[in-house]
Every structure is written in C-alpha cells, then in structure tokens.
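Structure record follows, encoded as structure tokens.
In our numbering, the protein residues as written are 160 to 430.
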C-alpha cells in the first residue's frame with residue numbers, strides 16, 4: 160500500500176525528504192512585516208512551508224470570555240478579545256502574505272479553528288489545511304474542511320486511538336489527502352512525554368496515509384528520531400527570537416535551530 164501526499168507540488172512518501180513546516184502561529188506579534196520576514200527566513204533555513212492560525216474570535220469565544228480583562232505579561236490588549244484580535248490577520252494581510260510566499264517560494268497555509276475561518280481560507284484557495292488537536296472531536300469542522308479537496312494535516316494531541324480512528328473514518332471517504340501527526344499537548348513537552356512510538360502505531364493502523372510529528376519539545380533531535388521512525392512531515396514552532404513577547408516563543412526554534420533541524424533531516428535521509 161502506497162503512502163503518498165502532494166502539498167503544493169511537493170510529493171511526500173516513505174522515500175521522500177521530510178516536509179518541514181515552520182509553525183509561526185502568533186509569533187508574528189500582529190505585524191505583517193515581521194511575518195513576511197519570518198516567511199523569508201524560514202525559506203532560507205530550508206523549511207518547505209510556513210503556517211499561521213486563523214480564528215473567528217467572536218464566534219469562538221463567549222462575550223464574557225471575549226471581554227474579560229487580560230492582564231498578562233504576554234498580552235497585546237486590555238481584554239482577552241482585544242489581545243486575540245490584535246494577533247489576528249484579516250483578508251488584506253492574508254492576501255499580502257500569500258503573494259509574498261509565492262515570491263519567496265515557500266508554501267503558506269493555516270490552521271482553521273472554526274467553520275467561518277475555514278471558509279475564509281477556502282476563498283483564498285490555500286494549498287493545505289491544518290486541524291488542531293483541540294478540534295479533533297469537531298467532526299462538523301473536519302468534514303467541512305475535507306470538502307475543499309485539499310491536503311489535510313491533523314494533529315492528535317491528547318487523543319485516544321478511537322478518536323484518531325474516528326477522524327480518519329470521517330475524512331477519508333470525502334478526501335483521501337490526509338496526514339496524521341503524532342502530537343503531545345504540552346507546551347513545551349518534556350522528552351519523556353513525546354511518545355514517538357505512536358508514529359509506528361499510526362503507520363500500522365493507517366497504512367495508506369502519510370504520518371508525521373508536531374513537536375513542542377525544546378531542541379531538534381526528536382525530529383530526526385521521528386523521521387527514522389517513519390514521520391515524513393515535521394511541524395515545529397518558529398520564532399525570530401525566543402525572548403520576544405508572546406506565549407509560544409519559549410518553545411520555538413530560532414533560525415539557527417530551524418536551519419540545523421532541516422540540515423539533519425536531509426542528512427538522515429541520505430544516510
């Protein structure tokens with residue numbers, strides 16, 4: 160049985176190089192220019208793709224949650240809603256980033272956290288879609304995204320095998336372009352929490368799809384170990400500086416780390 164997934168012209172299979180995703184998330188701090196800089200540097204480091212996150216904040220959060228004070232060292236607003244909105248890019252920013260990604264030659268896509276955001280990304284004709292671990296049981300969202308007939312990458316942090324099987328069964332009849340990522344929902348994740356052997360379990364259970372790793376550990380060695388175990392997609396958080404303001408910078412790779420990880424993954428395939 161052949162595992163094969165093509166994302167924006169890059170064919171991923173058991174014999175291919177690893178497809179490396181630099182997860183920017185909100186590490187752009189709400190700055191379009193900083194995000195463009197991160198796209199450019201990720202490309203220079205050898206990453207295949209950059210990824211953001213798209214939310215319809217008013218649809219996701221109750222009014223009470225949206226309006227609650229958010230006095231935190233990493234806050235970008237007086238309320239949680241203001242904080243989330245400050246970090247959220249709209250149509251103009253996404254169109255600019257899509258054009259810029261094409262200019263520098265890197266694949267750009269995003270996580271859809273809700274159906275309005277999925278439709279927003281669909282209108283932009285994104286080359287792939289990510290489903291976060293927290294939405295693994297959101298079958299209406301998952302089936303909605305599957306209908307776009309584009310590659311889907313699904314993280315499985317805190318999931319049971321039954322949860323993962325349910326998602327596989329929901330997506331595959333609609334859209335067989337699926338990749339499932341082993342993921343540990345700790346930020347950062349300790350090495351003993353990573354459960355890399357789940358990669359082998361997924362490969363046995365789902366013999367017709369590509370398996371990968373979304374890793375929140377500090378360092379790059381576990382990505383190489385995952386490749387040896389059969390992961391062909393690696394997602395790692397990426398930042399320009401781990402000391403920057405924001406919740407995700409501390410467990411993200413800086414450019415030097417991303418460059419070394421890509422180098423080691425390429426060397427591992429050659430070895």
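For glycine and all other residues, C-beta sits at the position ideal for the given N, C-alpha and C. All figures in this text were calculated on a predicted structure; none of them were measured in a lab.
C-beta atoms of residue i and residue j nearer than 8 Å
i	j	result
residue 171	residue 391	yes
residue 186	residue 378	no
residue 432	residue 273	As displayed, the chain neither begins before 160 nor continues past 430, which places residue 432 out of reach and without an answer.
residue 417	residue 381	no
residue 225	residue 189	no
residue 268	residue 202	no
residue 247	residue 216	yes
residue 330	residue 291	no
residue 314	residue 373	yes
residue 411	residue 401	yes
Candidates the options: closest to residue i by CA position
i	options	result
residue 414	217, 399, 354	399
residue 363	324, 374, 333, 396	324
residue 359	375, 350, 340	340
residue 140	232, 334, 177, 261	Coverage of the chain is limited to positions 160 through 430, which leaves residue 140 absent and any answer about it impossible.
residue 303	332, 371, 315, 198	332
residue 296	327, 366, 334, 353	327
residue 105	278, 310, 251, 411	Because residue 105 is not part of the residues shown, which for the chain are 160 to 430, the question remains open.
residue 222	232, 322, 238	238
Limits of the beta strand (DSSP E) - the one that residue i falls within
i	result
residue 419	That residue, residue 419, is in no beta strand (DSSP E); its alpha helix (DSSP H) goes 414 to 429.
residue 212	208 to 213
residue 271	266 to 271
residue 166	164 to 166
N- and C-terminal bounds of the alpha helix (DSSP H) containing residue i
i	result
residue 242	239 to 245
residue 384	380 to 388
7 Å Cβ shell around residue i - same chain, five flanking residues per side excluded
i	result
residue 369	162, 164, 171, 338, 391, 392
residue 242	229, 234, 235, 236
residue 193	187
residue 182	210, 394, 395, 396, 397
residue 387	427
Close Cβ partners of residue i (< 6 Å) along its chain, the five nearest in sequence each way excluded
i	result
residue 184	212, 407
residue 357	341
Nonlocal neighbours in the same chain, by C-beta distance under 8 Å from residue i, ignoring five residues either side
i	result
residue 196	399
Open item on the list: Suppose only complete runs of 4+ residues qualify. What are the alpha helix (DSSP H) ranges in the segment 278 to 341, listed by chain order?
Closed with: Entirely contained in the segment 278 to 341, the alpha helix (DSSP H) runs reaching 4 residues are, in chain order, 298 to 305, 320 to 330.
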